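Novice: Input: one structure, supplied below.
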Amino acid sequence: MKRITYLLFFAFLSTFSFTQNIPFKIQKSEIFKDEFKESNIVLSEVDENGGVLIVRTYKGSGISSNAGYYFEHYDSNLNLINEFDFQLTHTSSQKYAVTFGVFKTKNAIRIIEMYYDVIEKSYICMANSISKIDFKEEKKELFRLTRDEIKQYGSFSLSNLSKDKNDKKLASETNGYFTDTSNGIAIIANENVFSIAIDFMSIDNSETLKLFLFDDNLNKKMEHLYKKQIKDSNHVFQNIDLAKDNNSVYLLSKSYSEDVKNKDDGGKYQFEITKFTQNKEETKSFDIKNHFIGSLKSIVFNKKIVCIGFYSDSKENKFKGVSYFEIDPNNLEINLSKFNPFTEQFIIDKYGTVKDKELVDLNFKNILITPENDIILNAEESYATSSASGGGYGGAGFGGVNMGGVSGRLYFGGIYGETFNHFDDIVSVKLTLKAI
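Residues -19 to -1, 1 to 417 (mature numbering (1 follows the signal peptide of the UniProt record, and there is no 0)) make up the sequence shown, in order.
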């Protein structure tokens, strides 16, 4: 249950707080019901006449096992103009289908999916295009990866991603994050281009990634194989992002090397930013000094690359504040790095004097850019705890553990346990960056 929303504001990359009145208008449609009992809005946009197009995922209820996307187009008075039901269907040979991207382009809604075809012995990435004007459907294969080709890179599987966990069969996140830390898919899109990256599970002390860039007409602009030699498995891809010229892609990674492992203070790792163009790749590393950063998110805007994340300090098992790195998109040099601590008043207002609860389970959600080029970072306090009750071998219990949002029940050795998900406060941080 959400309790309260907290707003923090950093100006000039320093901290202060204030309140403001934001004018807004509420407009409601008529109350309606439909047959889709389990649906989620994955996309919405305002058309040129002030109307609204909404796309919802749904799963079939009752005896129906259909799953798909439901399109609704409303006029400026929120009266329904048109509707369309797009169902995802596959042949018996197409296994482990995963939809990992839903986004709009100039004239169509793209639904990007991948499945394994047992006859073709290939992973096939397919673009389903729905016209925003008349809801006309089109399909086009973007690329395929044969089983023999994947063996050269490592290993890859859709089976874990296609499990009905967090509704990943009908996923729609096009924020550039990878779907899994061991092997996964990332997609990022704007109205002109979109990029897909495939992360393969490493073999032979190497980390391999396959990167694609497509234009608005689904033509392939770039295909790039990125391979990095590593001495252990501690190299994690964070996210991808698009360059402003629509011809390059950036990759943010967290890496471990012998040099940083010998640091006296701070995290024994560094972050890397890599720029891919058609026939070239360039990588630069940057250190986090004596701090600890679990993960960063890169975002390209206003002629620069910005990497943002939460950081903590030595001997403190809690988040201390927000880290900020500003990178030149041309030569990848660090122009500015800043570590902004949370104000003491913010911590007191939120937690009082209970020090052991201070921002321990803060999970990053997304980044927004305002029309004034301010950055808003949203996060949520979410965690899981587990409890156990005795079975045939008597009672037992174990404390809270972070299960990554997974809920379920466990049974082992006569002990019957259950995992409980907790969703507490929302934390929003605003970075106001004046000219430097």
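In this text, a Cβ means the ideal position worked out from N, Cα and C, and glycines have one as well. These numbers were taken from a predicted model, which means no experiment stands behind them.
#1: Contact between the region 172 to 183 and the region 109 to 118 is defined here as three or more beta-carbon pairs at a separation below 8 Å; is this criterion met?
#2: So within the region 107 to 195, which uninterrupted alpha helix (DSSP H) runs reach at least 4 residues, ignoring any that extend past its ends?
#3: Any contact of the region 302 to 310 with the region 269 to 288, i.e. 3+ C-beta pairs under 8 Å?
#4: In the DSSP assignment, find the unbroken alpha helix (DSSP H) run with Q8 in it and report its ends.
#5: Less than 6 Å between C-beta atoms, sequence neighbours within five positions excluded: which residues of the same chain meet that for G389?
#6: By alpha-carbon positions, which one of D342, S276, V281, L126 ends up nearest to L206?
#7: Evaluate the contact criterion for the region 45 to 63 versus the region 93 to 105: three or more CB pairs, one atom per stretch, below 8 Å.
#8: What three-state label does DSSP hand F273 in the structure shown?
#9: Could you name each continuous alpha helix (DSSP H) segment of 4 residues or more that falls completely within the region 277 to 346, going from the start of the chain to the end?
#10: Assuming N21 is part of the beta strand (DSSP E), what are its boundary residues?
#11: Quick one: residues in its chain with C-beta nearer than 6 Å to the C-beta of I134, no 5 flanking neighbours on either side, listed in chain order?
#12: Drop a sphere of 10 angstroms on the beta-carbon of K256, count the other beta-carbons inside from all chains shown, and report buried for 16 or more, exposed for fewer.
#13: If you run the structure through DSSP and keep just helix, strand and coil, what is N200?
#14: Am I right that I166 and I179 are in contact with their C-beta atoms under 8 Å? What's the rounded C-beta distance?
#15: Give the range of the beta strand (DSSP E) segment to which S234 is assigned.
#16: Can you tell which of S103, F137, I105, I92 has its C-alpha closest to the C-alpha of E119?
#17: Using the DSSP secondary-structure output, state which residues sit across from G49 in a beta bridge.
#18: Give me the Cα-Cα distance between V27 and D66, rounded to the nearest whole angstrom.
#19: Helix, strand or coil for N402, going by three-state DSSP, please let me know.
#20: To the nearest angstrom, how far is the alpha carbon of N402 from that of K346?
#21: Grab the span of the beta strand (DSSP E) containing Q251 for me, first residue to last.
#22: To the nearest whole angstrom, what separates the beta carbons of D342 and S363, a pair I think is in contact under 8 Å?
#23: Taking its Cβ as the centre, do 16 or more other Cβ atoms sit within 10 Å of T60, making it buried, or is it exposed?
#24: From S318, K201, N260, pick the residue whose C-alpha is nearest to that of K270; which is it?
#25: For T38 versus Y55, is the C-beta distance shorter than 8 Å?
Specialist: Straight from the coordinates:
#1: As far as the Cβ criterion goes, the region 172 to 183 does not touch the region 109 to 118, which means the pair count is below three.
#2: Whole alpha helix (DSSP H) segments, 4+ residues: 128 to 134.
#3: Using a Cβ-Cβ distance cut-off of 8 Å, the region 302 to 310 and the region 269 to 288 are in contact, since at least three pairs of beta carbons, one from each stretch, lie closer than that value.
#4: No alpha helix (DSSP H) holds Q8; DSSP gives it neither H nor E.
#5: Confidence at G389 is low in this model, with a pLDDT of 44, below 50, so its placement is unreliable and no value can be given for it.
#6: L126
#7: In short, these stretches do not touch, since the Cβ pair count stays below three.
#8: strand
#9: 325 to 332
#10: 19 to 27
#11: In the sequence on display, residue 134 carries Tyr and not Ile. If we look at Y134 and ignore the five residues flanking it on each side, its Cβ neighbours are F181, T189.
#12: Using a 10 angstroms sphere on the CB of K256, the tally of other CB atoms reaches 16 or more, which defines it as buried.
#13: coil
#14: 6 Å
#15: 230 to 236
#16: I92
#17: Y39, Q68
#18: Rounded to the nearest angstrom, the two C-alpha atoms are 20 Å apart.
#19: Three-state DSSP puts N402 in a strand.
#20: 16 Å
#21: 251 to 258
#22: The Cβ separation is near 6 Å, so the contact holds.
#23: According to the sequence provided, residue 60 is Asn. The question's Thr does not apply to it. Residue burial annotation: N60 is exposed, with fewer than 16 other C-beta atoms found within 10 angstroms of its C-beta.
#24: When each option's Cα is compared against that of K270, the closest is S318.
#25: no
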